[in-house]
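Quick notes on the structure that follows.
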Amino acid sequence: MTSSRMALRVGVIGTGGIAGAHATAIRELGGSVELVAVADIDAARAAAFAADHGGATVFASADDLLAHAGADVVCICTPPQTHAPLAIAAMRAGVTALVEKPTALSLAELDEIARVEEETGTQTLTVFQHRFGAASLRLRELVTSGALGRPLVAACETLWFRPAAYFEVPWRGRWDVEGGGPTMGHGIHQFDLLLAVLGPWSEVTAVAERQLRPTDTEDVSAALVRFDNGAIATVINSLVSPKETSRLRIDFENASVEVEHLYGHTNADWTFTPAPGHEHLAERWNTDLPDDGISGHRHQIAAIADAIAAGKRPDVDIVDARRTLEFAAATYASAFRRTPIAAGDISGDDPFMTSMSGGIVPWAPVKAVPVAS
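Pasting the structure below:
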């Protein structure tokens, strides 16, 4: 954004841990984006957050912020079960919502967001910041141009470690509040990038288990995925892996491209290996690749600001967000039903439309059925 353009006015709802990443990103973008308002159910925490991040106006509630802050965009940084209601409230107030993942707890909630978006003409966007790093943008550019040839096989791994104490936070590890385990709340960033590169998926065959942690949800899932373009991928999500890593590798006809990092990638985390006879692609990969630091909220918020200033629809839009959320739902449905799930299979009154658990979690306690006397 240019300095002559008015700054994008941003509010933050929810001032817990992830909100700091939003505020830091806004500060790093200088005068092009301005944090103007914050709200939290904990008034003292909201006031401290505002003081730490430039003195934004503190509002007593999300509704007050949406009504009176004059924000262009509101970052929703609250626990997952509040995402859909707050996004809908923002759109009805004429404010673009930027929602932390997951956008909603279910496909039904996401479809309601889409309906309100169509009704109001105001967008809900989802934070999938790994799409916006320089190297990931370069990869998508090369894929779109056809330079890499057809994608053939891929591996997507989110192997993280969360101790039992992590789940002492009341909303973690619960289907009704968090929506799922690492498939919904952790690996979703990495497989969203996979989907952004490879496009529509056609079928998922998966397993999900509670291996170790004291949760209602899974702590491990694994999926075998077919894509419309013929590519085949494996996707693994874990919260019980002491050696932590996030890895995405895609093998195309003309090159292998791989990134390995933990919570954000830089250009140095990527490896580009051309196939014999296609060595020239390495130069195309490296030419004028900007060193823009670690992939993070700053890149996505900057892209949103630029798009809004240009009168364009920013990413990641509701269509892309639904494809990613449907992939998560299909992973659970396949795991718990023990059958492949095709894109579009989950619809209508399917229980996986309204809950990622589908009401059939294998390790859930069985409710006693009353016996007539």
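For reference, each letter of the sequence shown is one residue, going 2 to 374 in the numbering used here. All C-beta atoms, glycine included, are put in the ideal place defined by N, C-alpha and C. Since this is a predicted model, take the numbers as computed values, not measurements.
Ranked by how close their Cα comes to the Cα of Pro164, the residues Pro243, Gly17 and Asn287 have Pro243 in first place.
When the five nearest sequence neighbours on each side are left out, the beta carbons in the same chain lying within less than 6 Å of the beta carbon of Asp252 are those of Leu153 and Val154, in order along the chain. Taken in chain order, the complete alpha helix (DSSP H) segments of 4 or more residues contained in the segment 113 to 154 are 135 to 146. In this structure Ala91 is buried. Its beta-carbon is surrounded by 16 or more other beta-carbon atoms within 10 angstroms.
Taking one beta carbon from each stretch, the segment 253 to 264 and the segment 205 to 212 have fewer than 3 pairs nearer than 8 Å; the two do not touch. Considering only Arg175, Ile19 and Phe353, the residue with the shortest C-alpha distance to Gln82 is Arg175. For Asn255, no beta strand (DSSP E) segment is defined, and its DSSP state is neither H nor E. Of the candidates Ala365, Ile305, Trp271 and Thr25, Trp271 places its Cα closest to the Cα of Asn287. If you look at Gly186, you'll find it in the alpha helix (DSSP H) that goes Pro183 to Gly186.
By the Cβ-count criterion, Arg132 is buried, with 16 or more other Cβ atoms from all chains shown falling within 10 Å of its own Cβ. Per the DSSP secondary-structure output, Phe192 pairs with nothing in a beta bridge. Excluding the 5 residues flanking it on each side, Glu101 has same chain C-beta neighbours closer than 6 Å at Ile19, Cys78 and Val128, in chain order. One thing to note: Ile319 has its Cβ within 9 Å of the Cβ of Thr104. The segment 31 to 40 and the segment 52 to 67 touch, with no fewer than 3 CB-CB distances between them shorter than 8 Å. Distance between Asp217 and Gly186, taken at the CA atoms: about 14 Å. Contact between Glu113 and Ala85 holds: their C-beta atoms lie close to 7 Å from each other, under 8 Å. By the Cβ-count criterion, Gln212 is exposed, with fewer than 16 other Cβ atoms from all chains shown falling within 10 Å of its own Cβ.
Looking from the CA of Gly294, the closest CA among Ala115, Phe50, Met7 and Ala136 belongs to Ala136. The C-beta of Pro183 has 16 or more other C-beta atoms within 10 Å across all chains shown, which makes the residue buried. Of the candidates Glu158, Gln124 and Ala310, Glu158 places its Cα closest to the Cα of Leu194. Ala61 is a Cβ neighbour of Ala44, given a cutoff of 9 Å. One thing to note: Gly134 has its Cβ within 9 Å of the Cβ of His300. In the three-state reduction of the DSSP assignment, Pro275 falls in the strand class, which pools E and B.
Between Ala365 and Ser356, the C-beta spacing is not below 9 Å. Gly12 is the residue among Glu35, Met7 and Gly12 whose C-alpha sits nearest the C-alpha of Ala88.
Close CB contacts of Glu245 within its chain, under the 8 Å cut and outside five residues either way in sequence, are with Leu160, Trp161, Phe162 and Leu263 (chain order). Contact between Ala256 and Thr274 is confirmed by a C-beta separation of about 6 Å, below the 8 Å threshold. Distance from the CA atom of Ile237 to the CA atom of Cys76, rounded to whole angstroms, is 29 Å. DSSP lists Ala209 and Asn238 as the bridge partner or partners of Ser222.
Annotated as distal: Pro201 and Phe168, with beta-carbon spacing of 9 Å or more. For Cys78, DSSP assigns no beta-bridge partner whatsoever. Per DSSP, the continuous alpha helix (DSSP H) segment holding Thr325 begins and ends at Ile319 to Arg338. Looking at Leu9, Phe50 and Leu111, the one whose alpha-carbon comes closest to that of Ala22 is Phe50.
Val96 is bridged by DSSP to nothing; it lacks a bridge partner. Your pair Thr332 and Ala209 checks out as a contact, with CB atoms roughly 7 Å apart and the cut at 8 Å.
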